[in-house]
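Visitor:
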Amino acid sequence: MRNFDYTRAADQTQAITFHAQLPSSYLAGGTTLLDLMKIDVMRPQRVVDIARLPLDRIETLPDGRLRIGAMVTNTTLAQDKTVLRDYPVLSQALLSGATTQLRNKATTAGNIMQRVRCGYFRDGVSPCNKREPHSGCAAIDGHNRSVHAVLGTSEHCIASHPSDMCVAMAAIGATVQVQGPRGERTIDFLDFHLLPGSTPWKEHALQDDELITHIVLDPPIAGSRSGYLKLRDRASYQFALASSAIIVALDGNVVRDARIALGGVATKPWRARNAEQALIGQSMTPEIFRHVAAAAMQGAVPYRHNAYKITLGQQAVIRSLQILAA
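Residue numbers (full-length UniProt numbering): 1 to 326.
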């Protein structure tokens, strides 16, 4: 680990000011940042500690949306009574990720900002456009079985997004509230994470001088049921090979509304709008489930070791719909 300056911020304005003075990183739970600093992948000259900022509240807004402070821990969010009642898919996604100890430290904003788990990104020596722009992507012709995507990829990067929480939020619908020297602004959650395209080192829409303050979830869909399904190599402390977050609202057995998002198979939390449209207005039947699953993986591009993810992604959708139909 390289030498760095450490500063604790007393408020949001001070945090932004400290961050702007040197190439810096914010320290919240630290569950990703410290790991990457130890292996010399991230090299901030200053670490700005924001752990004590008053951004740890969960509150229902007058319009029915739920506002979550950036510093709310994953454990607190997963166990919140409003989340359990109105957004069970989010609680399930959070509880499927990491370990209890990590969830107790990891924050909402930190989860959104976590970096990919591609081994070529983390080894510090292989060509990786995320770590060293224009150096190449070793994963495309290398080992790309588990943490590499088949949706949203490019010739410059195929690393899959690692978050479970973000998949649930993509299905629910949300906005990211940020603050910077120019004031406050909101970013639609589906626009926050960027596709790699030709600039995979640009992972999100947050500017260098901005700080995430809150995540605001859309109001729950009346009469809906939801679930998160994570398929992985082992049941404990493993990133998704494929996952699905699905919300459906039924009139009898006919789907009135639907939200479908995928994880583990894409370079960002993946909202499958084609699959949603294929499901809305249809009865919950096995035939429809297969059709919806195929639509969800439309456009997938397999690589040498991860072609199975196309089928697995479809199974994540089918099994989730079977559970919700029951």
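Idealized CB from N, CA, C, for every residue including glycine. The structure displayed is predicted, hence computed values, not measured ones.
What does a CB cutoff of less than 6 Å around S224 pick up in its chain, not counting 5 residues either side in sequence?
Guide: Contacts found: I247, A249.
Visitor: Considering Cα atoms alone, identify which of N144, A70, L262, V116 is closest to T175.
Guide: A70
Visitor: The beta strand (DSSP E) with E184 in it runs from where to where?
Guide: 183-188
Visitor: So within the segment 5-64, which uninterrupted alpha helix (DSSP H) runs reach at least 4 residues, ignoring any that extend past its ends?
Guide: The segment 5-64 contains these whole alpha helix (DSSP H) runs: 12-21, 33-38.
Visitor: So, with DSSP's three-state summary, where would you put A146?
Guide: The amino acid occupying residue 146 in the given sequence is Ser; Ala does not appear at that position. Residue state, collapsed to three classes: coil.
Visitor: Relative to the C-alpha of L53, which candidate in L279, A109, A307, L324 has its C-alpha closest?
Guide: Cα-wise, what sits closest to L53 is A109.
Visitor: Which residues in the same chain as T320 place their Cβ atom closer than 7 Å to its Cβ, once the five residues preceding and following it in sequence are excluded?
Guide: The sequence given here has Ser at residue 320, not Thr. Result list for S320: G227, L229, S244, I246, in chain order.
Visitor: Contact check, R46 vs F4 under 8 Å by CB: the rounded distance?
Guide: 6 Å
Visitor: Taking 8 Å as the cut-off, decide whether the C-beta atoms of D218 and G173 are in contact.
Guide: Taking C-beta atoms as the reference points, D218 and G173 count as a pair closer than 8 Å.
Visitor: Given 8 Å as the limit, is there contact between the segment 126-142 and the segment 185-203, that is, 3 or more CB pairs closer than that?
Guide: Two segments are said to touch when three or more pairs of C-beta atoms, one from each, lie closer than 8 Å; by this definition the segment 126-142 touches the segment 185-203.
Visitor: In whole angstroms, what separates the C-alpha of L211 from that of A171?
Guide: 24 Å
Visitor: If you draw a straight line from the alpha carbon of A138 to that of R145, how long is it in whole angstroms?
Guide: 13 Å
Visitor: Grab the span of the beta strand (DSSP E) containing Y228 for me, first residue to last.
Guide: 224-231 is the span of the beta strand (DSSP E), which, as asked, contains Y228.
Visitor: Can you tell me the Cα-Cα spacing of A278 and T31, whole angstroms?
Guide: If I take the Cα positions, the gap works out to 39 Å.
Visitor: If residue 398 and G263 are in contact, beta carbons under 8 Å, what's the gap, nearest whole angstrom?
Guide: Summary: the structure shown does not reach residue 398, with the chain confined to residues 1 through 326, and so no result is reported for it.
Visitor: Quick test of the definition: if touching needs 3 or more C-beta pairs under 8 Å, does the segment 118-125 touch the segment 274-288?
Guide: They do not touch, by the three-pair rule.
Visitor: Select from A10, D11, V89, I50 the residue whose C-alpha is nearest the C-alpha of S24.
Guide: I50
Visitor: One question on the structure: do N104 and T73 come within less than 8 Å of each other, judged by their Cβ atoms?
Guide: yes
Visitor: According to DSSP, I68 sits in a beta bridge with which residue or residues?
Guide: I58, I215
Visitor: Per DSSP, which one or two residues make a beta bridge with W270?
Guide: L262
Visitor: Please report how far the alpha carbon of I33 lies from the alpha carbon of A20, in whole angstroms.
Guide: First, the residue type needs correcting, since residue 33 is Leu and not Ile in the sequence shown. If you take the alpha carbons of L33 and A20, they lie about 18 Å apart.
Visitor: Mind checking who C137 pairs with in its DSSP beta bridge?
Guide: C128
Visitor: Tell me whether R234 is buried or exposed, calling it buried when 16 or more other Cβ atoms sit within 10 Å of its Cβ.
Guide: It counts as exposed.
Visitor: Closest to C118 by CA distance: which of L324, S160, R85, L241 is it?
Guide: S160
Visitor: How many Å lie between A205 and V41 at the Cα?
Guide: Near 21 Å, if we compare the C-alpha coordinates of V41 and A205.
Visitor: Could you give the distance in angstroms between the alpha-carbon of M297 and the alpha-carbon of S154?
Guide: 16 Å
Visitor: Our contact map puts A316 next to G152 with C-beta atoms below 8 Å; I'd like the distance itself, whole angstroms only.
Guide: That pair is no contact at about 16 Å.
Visitor: So the candidates are Q14, L241, Q179, P220; which of them puts its Cα closest to the Cα of H305?
Guide: L241
Visitor: Between which two residues does the beta strand (DSSP E) carrying T175 extend?
Guide: 174-180
Visitor: Mapping DSSP to helix, strand and coil, what is V116?
Guide: coil
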